[in-house]
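Participant:
2 protein chains.
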Amino acid sequence: MRVLITGGNGFIGRKLAMALLHTGAVPVDHGPPRPIERMTLFDSVPSEDLPPDPRVEVVTGDITDRSAVERVAAQADLVWHLAAVVSAGAEADFDLGYRVNVDGTRGLLDALRATGRRPRVVFASSLAVYGGEMPEVITDGFHATPQSSYGTQKAIGELLTADYSRKGFIDGRSLRLPTIVVRPGRPNKAASTFASSIIREPLAGEEAVCPVAPETAIYILSPRRVVEALLRAMTLPESAWGMHRTLQLAGITVTVGAMVEALARVAGEAVTDRIRWQPDPAIERIVETWPVRAEARRARSMGFTDDGSFEAILQAHIEDELGGRRA
Amino acid sequence: MRVLITGGNGFIGRKLAMALLHTGAVPVDHGPPRPIERMTLFDSVPSEDLPPDPRVEVVTGDITDRSAVERVAAQADLVWHLAAVVSAGAEADFDLGYRVNVDGTRGLLDALRATGRRPRVVFASSLAVYGGEMPEVITDGFHATPQSSYGTQKAIGELLTADYSRKGFIDGRSLRLPTIVVRPGRPNKAASTFASSIIREPLAGEEAVCPVAPETAIYILSPRRVVEALLRAMTLPESAWGMHRTLQLAGITVTVGAMVEALARVAGEAVTDRIRWQPDPAIERIVETWPVRAEARRARSMGFTDDGSFEAILQAHIEDELGGRRA
């Protein structure tokens, strides 16, 4: 199989690539694992410190560059489309967001369609497609009425993925990802970045600012489970999706206060004392518009799972990012 | 006020234009009627037989022609965006559908945004945004999972209209129209065209073919009510829309058999004998995927109404299109 990962140098793209290289094969349609012959990591940012691997090809380019996209799409059997301008970025630069998140996605789908080989595509969408007036629990049939350009662009990407699939140009599947916690690396411009910072930085011996109140609830999934979900979405047979190509993933609902309490239990109060509680009304206003609970009945019936508890998310972070050490 | 109607030579565009010219003013935000100084009818097809009116400017052009669209958008205060490739057309020519229904809509919104004048926009969407597994009654919060390219493109148009509004570039409102019955004129390529043909042609002394079984139910609205709804959507204040810019209109649910029975009561069986029942599995398959009932609670609360009965729709057709005469 020839694999293409757009946004292959993002933190999820890299984790996914490492997982694929590690197993070396993909059990498509529950069949025997099929070996990965080639893996193209396409990203606007040059990839850093990837272990050398003869199967890996790193291509630095822009998802809006049609000829670059056509080149990397030409041979792909399995495509994970993760490249995107993130939420705050798409809100700050309207045209850039549409160019990358909408035109980039459509250009990729058109390039894949042009191959005539009907590649399989997993598109990373987001619970940012929800917004406005919402019930306490989002059900699978609830409408997407995004209140951000990012959410709008992701909703459009889902619609395109579904229509290109229905027409037989690709075999696409879209996953609405919960907020990913704990993200490794540095804070980014997403309004949700604090949700990882308040765990990651104190564990690394650094201060972190929490801009929302402890009772603020969020809907989260660990990087581990996200990678598992991206793999599962690719390997499930087409018949599992039926007429609906978009899936809200299951996550867990947790308050920021409960997250910090769990951190104190695992790492001690000396660690959680590094969190400064400093409300930021602008961030609070954005976070308040996010759904905090989804039923995700369909995802669960298709075998997608959540982390069970925030302690498990914390433990996974300590194992995967800190080599098991707590600061 | 300066009015722009795209698709201004379509049958709804023409009816809307005539209604606006007749009243000569628009009561924006429930305020005093504000006179129409100029009305631009933009369409790819040259307008026929419009009564001469110094306020009317007819522009023949393509909605995908950016400079033409910029010209007609430059001065517009109120825009009805009706131009579209219809359902069967968008299904038959994938690229044309996306070019006109998606790129055309986005180009128009960008041109309106560029004016910096925040024009008000009513976008004609469709219940074709629904599809796949559906409950018996579509509620206002039910998700749009279109099973046609046309429905996909309309759903994208709604998302764009909402996001451009949220950003303050326009003041947009999208209406999901039921199937419009009785359409005047000739049959077109829409799969729904029979729903008008089986009434219109027999009344005109011609034969019509009904490709679906009498028990087939459809969700319909008369041209009269559609024009009323397009006007109401424009005149309601922005506050009436809140965070949700898309509205499923109320229609009535009627079986094809009941429509024909009503026609027999009004016009006699000599008229309904002109209908040939000749099932077409391809048409039946498409029609079966359409929702047949919507709650439309929000639309009703905002003053949008249905026709009450099919007899009323029939009566309106006879009055409006046949000068009150029955064949």
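These protein sequences, in sequence, are chains A and B.
Residues in the first sequence are numbered consecutively from 1, following our numbering.
Residues in the second sequence are numbered consecutively from 1001, following our numbering.
Glycine is no exception: its CB is placed at the ideal position from the N, C-alpha and C atoms.
Shortest alpha-carbon distance to residue 1208 of chain B belongs to which of B:1163, B:1240, B:1137, B:1260?
Facilitator: Taking the second sequence and counting its residues from 1, one reaches residue 1208 of chain B at position 208. Ranking the options by Cα distance to residue 1208 of chain B, first place goes to B:1260.
Participant: Which partner residues does residue 1278 of chain B have in the DSSP bridge list?
Facilitator: Taking the second sequence and counting its residues from 1, the one referred to as residue 1278 of chain B is at position 278. Residue 1278 of chain B pairs with nothing; no bridge assigned.
Participant: Going by beta carbon distance, what residues of the same chain come within less than 7 Å of residue 1213 of chain B, once the five residues before and after it are set aside?
Facilitator: By 1-based counting over the second sequence, the position of residue 1213 of chain B is 213. Answer for residue 1213 of chain B: 1279, listed in chain order.
Participant: Using a cut-off of 8 Å between C-beta atoms, extract the partners of residue 243 of chain A located in chain B.
Facilitator: As a position in the first sequence, residue 243 of chain A is number 243, starting the count at 1. Simply 1131, 1132, 1133, 1145, 1147.
Participant: Just checking my contact of residue 1015 of chain B with residue 1086 of chain B at CB under 8 Å: how many whole Å lie between their CB atoms?
Facilitator: Translated into positions along the second sequence, residue 1015 of chain B becomes position 15. Translated into positions along the second sequence, residue 1086 of chain B becomes position 86. Going by Cβ atoms, the distance from residue 1015 of chain B to residue 1086 of chain B rounds to 17 Å, so no, they are not a contact pair.
Participant: I'd like to know if the region 222 to 235 of chain A and the region 299 to 319 of chain A are in contact, where contact means that at least 3 CB-CB pairs between them fall below 8 Å.
Facilitator: Output reads yes: the region 299 to 319 of chain A touches the region 222 to 235 of chain A.
Participant: Beta carbons nearer than 9 Å to chain A: which residues of the region 1166 to 1192 of chain B have them?
Facilitator: Cβ contacts with chain A: 1166, 1167, 1169.
Participant: What are the boundary residues of the alpha helix (DSSP H) that includes residue 1023 of chain B?
Facilitator: The residue given as residue 1023 of chain B occupies position 23 in the second sequence. Unbroken alpha helix (DSSP H) run through residue 1023 of chain B: 1011 to 1023.
Participant: Run through DSSP, which three-state label would residue 41 of chain A get?
Facilitator: Residue 41 of chain A sits at position 41 when you count from the first residue of the first sequence. DSSP places residue 41 of chain A in strand when its eight states are reduced to three.
Participant: For the alpha helix (DSSP H) containing residue 150 of chain A, name the first residue and the last one.
Facilitator: Along the first sequence, read from residue 1 onward, the residue named residue 150 of chain A stands at position 150. That run of the alpha helix (DSSP H) goes 149 to 166.
Participant: Where does residue 1262 of chain B fall in DSSP's three states?
Facilitator: Translated into the one-based positions of the second sequence, residue 1262 of chain B becomes position 262. It is helical.
Participant: Which bits of chain B does residue 94 of chain A rub up against, with CB to CB less than 8 Å?
Facilitator: Reading the first sequence from its first residue, position 94 is the one you call residue 94 of chain A. Chain B residues near residue 94 of chain A: 1167.
Participant: By alpha-carbon positions, which one of B:1200, B:1120, B:1001 ends up nearest to residue 1185 of chain B?
Facilitator: Numbered from 1 along the second sequence, position 185 holds the residue referred to as residue 1185 of chain B. Checked all of B:1200, B:1120, B:1001; the closest Cα to residue 1185 of chain B is B:1200.
Participant: Is any beta-carbon of chain A found at less than 8 Å from that of residue 1155 of chain B?
Facilitator: Indexing the second sequence from 1 puts residue 1155 of chain B at position 155. At least one chain A Cβ lies under 8 Å of residue 1155 of chain B.
Participant: In chain A, what lies closer than 7 Å to residue 1194 of chain B by C-beta?
Facilitator: The sequence position of residue 1194 of chain B within the second sequence is 194, counting from 1. Those do not exist, as residue 1194 of chain B stays about 24 Å from chain A at its closest Cβ, beyond 7 Å.
Participant: The alpha helix (DSSP H) spanning residue 58 of chain A covers which residue range?
Facilitator: Along the first sequence, one-based indexing puts residue 58 of chain A at 58. Taken as a continuous stretch (DSSP letters only), residue 58 of chain A belongs to no alpha helix (DSSP H), being part of the beta strand (DSSP E) at 56 to 60.
Participant: Determine whether the Cβ of residue 16 of chain A lies closer than 8 Å to any Cβ atom of chain B.
Facilitator: Residue numbering aside, residue 16 of chain A sits at position 16 when the first sequence is read from its first letter. No, residue 16 of chain A does not count as interfacial toward chain B.
Participant: Do the CB positions of residue 1050 of chain B and residue 1039 of chain B come within less than 8 Å of each other?
Facilitator: Position 50 of the second sequence holds residue 1050 of chain B. Position 39 of the second sequence holds residue 1039 of chain B. Going by C-beta atoms, residue 1050 of chain B is not nearer than 8 Å to residue 1039 of chain B.
Participant: Using the three-state DSSP reduction, which class does residue 1075 of chain B fall into: helix, strand or coil?
Facilitator: As a working note, residue 1075 of chain B is residue 75 in the second sequence. Residue state, collapsed to three classes: coil.
Participant: Output the boundary residues of the alpha helix (DSSP H) element that contains residue 89 of chain A.
Facilitator: Position 89 of the first sequence, counting from 1, holds the residue named residue 89 of chain A. Unbroken alpha helix (DSSP H) run through residue 89 of chain A: 87 to 92.
Participant: With which residues is residue 1081 of chain B paired in a DSSP beta bridge?
Facilitator: Along the second sequence, read from residue 1 onward, the residue named residue 1081 of chain B stands at position 81. Residue 1081 of chain B pairs with B:1006, B:1123.
Participant: Go ahead and label residue 1216 of chain B buried or exposed: buried means 16 or more other beta carbons lie within 10 angstroms of its beta carbon, across all protein chains shown.
Facilitator: As a working mapping, residue 1216 of chain B is identified with position 216 in the second sequence. Buried, because 16 or more other Cβ atoms sit within 10 Å of the Cβ of residue 1216 of chain B.
Participant: State the DSSP-derived secondary structure class of residue 130 of chain A, mapped to helix, strand or coil.
Facilitator: Within the first sequence, the letter at position 130 stands for residue 130 of chain A. In this structure, residue 130 of chain A counts as coil in the three-state DSSP scheme.
Participant: Roughly how far, in whole angstroms, is the beta-carbon of residue 226 of chain A from the beta-carbon of residue 12 of chain A, given that I think they are within contact range, below 8 Å?
Facilitator: Residue mapping note: residue 226 of chain A aligns to position 226 of the first sequence, counting from 1. Residue mapping note: residue 12 of chain A aligns to position 12 of the first sequence, counting from 1. With 8 Å as the limit, residue 226 of chain A and residue 12 of chain A qualify as a contact, their Cβ atoms being about 6 Å apart.
Participant: If you measure between the beta carbons of residue 1079 of chain B and residue 1119 of chain B, is that distance less than 8 Å?
Facilitator: Counted from its first residue, the second sequence places residue 1079 of chain B at position 79. Counted from its first residue, the second sequence places residue 1119 of chain B at position 119. Yes, they are a contact pair.
Participant: Please classify residue 1100 of chain B: does DSSP put it in a helix, a strand, or coil?
Facilitator: Residue 1100 of chain B sits at position 100 when you count from the first residue of the second sequence. Correct three-state label for residue 1100 of chain B: helix.
Participant: Starting from residue 1172 of chain B, trace the beta strand (DSSP E) in both directions and tell me its first and last residue.
Facilitator: Numbered from its first residue, the second sequence carries residue 1172 of chain B at position 172. Residue 1172 of chain B -> beta strand (DSSP E) spans 1171 to 1177.
Participant: Where does the unbroken beta strand (DSSP E) through residue 1221 of chain B begin, and where does it stop?
Facilitator: Walking along the second sequence from the start, residue 1221 of chain B turns up at place 221. Counting along the chain, the beta strand (DSSP E) containing residue 1221 of chain B begins and ends at 1217 to 1221.
Participant: Along the region 1307 to 1323 of chain B, where does the CB come closer than 8 Å to a CB of chain A? Name the residues.
Facilitator: Within the region 1307 to 1323 of chain B, no residue has a Cβ that lies closer than 8 Å to any Cβ of chain A.
Participant: Pull the bridge partners of residue 1247 of chain B from the DSSP assignment, please.
Facilitator: Locating residue 1247 of chain B in the second sequence gives position 247, where the first residue counts as 1. B:1175, per the DSSP bridge assignment.
Participant: Who are the near neighbours of residue 25 of chain A in its chain, counting only those whose CB is closer than 7 Å to its CB and skipping five residues on each side?
Facilitator: Taking the first residue of the first sequence as position 1, residue 25 of chain A is located at position 25. Within the same chain, residue 25 of chain A has close Cβ partners 33, 34, 35, 36.
Participant: Can you list, in chain order, the residues of its chain whose CB lies under 6 Å from that of residue 117 of chain A, leaving out five sequence neighbours each side?
Facilitator: By 1-based counting over the first sequence, the position of residue 117 of chain A is 117. So the list is empty, once near-sequence residues are dropped.
Participant: Since residue 258 of chain A and residue 194 of chain A should fall inside the 8 Å C-beta cutoff, what is the C-beta to C-beta distance between them, to a whole number of angstroms?
Facilitator: Stepping through the first sequence from its first residue, residue 258 of chain A is reached at position 258. Stepping through the first sequence from its first residue, residue 194 of chain A is reached at position 194. The pair is not a contact, with the Cβ atoms about 15 Å apart (cut-off 8 Å).
Participant: Does the region 126 to 139 of chain A come within contact of the region 92 to 106 of chain A, defined as at least 3 CB pairs closer than 8 Å?
Facilitator: Counting Cβ pairs under 8 Å, fewer than three are found: no touch.
Participant: List the residues that DSSP assigns as beta-bridge partners of residue 1138 of chain B.
Facilitator: Mapped onto the second sequence, residue 1138 of chain B falls at position 138. Its beta-bridge partners are B:1294.
Participant: Residue 1314 of chain B to residue 1210 of chain B, Cα distance in whole Å?
Facilitator: One-based indexing of the second sequence puts residue 1314 of chain B at position 314. One-based indexing of the second sequence puts residue 1210 of chain B at position 210. Taking the straight line joining both Cα atoms gives about 17 Å.
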